[in-house]
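>
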Amino acid sequence: MIWAMFAGSVAGPIHIVNKTITGDYYTNEMLAEYLPEFYEQLIEELGTAPIFMHDNAPVHKAYVATDWFKEHGIIVMDWPPYSPDLNPIEHVWRYLKDQLHKLYPRLKDIENKAEAVKQLKAVLEEVWYSLAAEYFENLAASMPKRVQAVIDAKGWYTKY
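Just so we're aligned: 69 in my numbering is position 15 of the sequence shown, and the numbers increase by one with no gaps anywhere.
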């Protein structure tokens, strides 16, 4: 699994997980490890505290995770169920996959799983941090259109 975050035009950290994610792992190994520094950077750049957005995956809703956000004073956006079409990061995953296949077509041929994960981590970070700030900004700026599309579709499917 790949976990990453961005805000506006700023790419945040990216983390590759090669195991089953639990609420404890998500909270202690991902949020606690990667979010505080990025969150503080955003506060400095924006002059205000951003609102954190993630979907309704069980690990995101685990008590340990929701308590962690409360303890750190981070506001989490309520997210409608079954709404991946609204989440801009979903487009990032597809783009990253396309770029990996295009730039590193031989990754899929590596037979040693540990070596494959090691190489994937290196090239994935390279591709992630090479994404243009404009790419992230355009995704973030698309949110009002996404929300309006859902309203227009009366909660049904959209082109996103």
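Glycine included, every Cβ here is placed at the ideal spot set by N, Cα and C.
Less than 7 Å between C-beta atoms, sequence neighbours within five positions excluded: which residues of the same chain meet that for Q153?
Translated into positions along the sequence shown, residue 153 becomes position 99. Closer than 7 Å at Cβ, skipping near neighbours: V181.
> Please classify A65 as buried or exposed, where buried requires at least 16 other C-beta atoms within 10 Å of its C-beta.
Translated into the one-based positions of the sequence shown, residue 65 becomes position 11. With 16 or more other CB atoms across the displayed protein chains lying within 10 angstroms of its CB, A65 is buried.
> Please classify L96 as buried or exposed, where buried requires at least 16 neighbouring CB atoms within 10 angstroms.
Position 42 of the sequence shown, counted from the first residue, corresponds to residue 96. Buried: at least 16 other Cβ atoms inside 10 Å.
> My parser needs the alpha helix (DSSP H) runs of 4 or more residues fully inside the segment 93 to 134; what are they?
112 to 115 and 117 to 125
> I'd like the span of the beta strand (DSSP E) that includes M59, first residue to last.
As a first step, residue 59 is located in the sequence shown; it is residue number 5 there, counting from the start. Segment I56 to A61, the beta strand (DSSP E) holding M59.
> Under a Cβ-count criterion, where at least 16 other Cβ atoms within 10 Å of its own Cβ denotes burial, should T81 be classed as buried or exposed?
As a first step, residue 81 is located in the sequence shown; it is residue number 27 there, counting from the start. By the 10 Å Cβ count, T81 comes out buried.
> Output the boundary residues of the alpha helix (DSSP H) element that contains I143.
Against the sequence shown, residue 143 aligns to sequence position 89. That run of the alpha helix (DSSP H) goes I143 to L157.
> Check whether the segment 98 to 117 and the segment 135 to 144 are in contact - that is, three or more C-beta pairs closer than 8 Å.
yes
> If you draw a straight line from the alpha carbon of S196 to that of F60, how long is it in whole angstroms?
For the purposes of this step, residue 196 is taken as residue 142 along the sequence shown, with counting starting at 1. For the purposes of this step, residue 60 is taken as residue 6 along the sequence shown, with counting starting at 1. When rounded, the distance between both Cα atoms is 14 Å.
> Express the C-alpha separation of I70 and L37 in angstroms, rounding to a whole number.
One cannot answer for residue 37 here, as it falls past the ends of the chain, which runs 55 to 214.
> Identify the residues that DSSP records as bridge partners of V64: which are they?
Within the sequence shown, residue 64 is the residue found at index 10, counting from 1. The partner list for V64 (beta bridge, DSSP) reads A61.
> Determine the direct distance from the alpha carbon of H145 to that of I205, and round the result to whole angstroms.
In the sequence shown, counting from the first residue as 1, residue 205 sits at position 151. In the sequence shown, counting from the first residue as 1, residue 145 sits at position 91. Those two C-alpha atoms are separated by around 20 Å.
> With 16 other CB atoms within 10 Å as the buried threshold, where does G77 fall?
Your numbering for residue 77 matches position 23 in the sequence shown. Flag for G77 reads buried.
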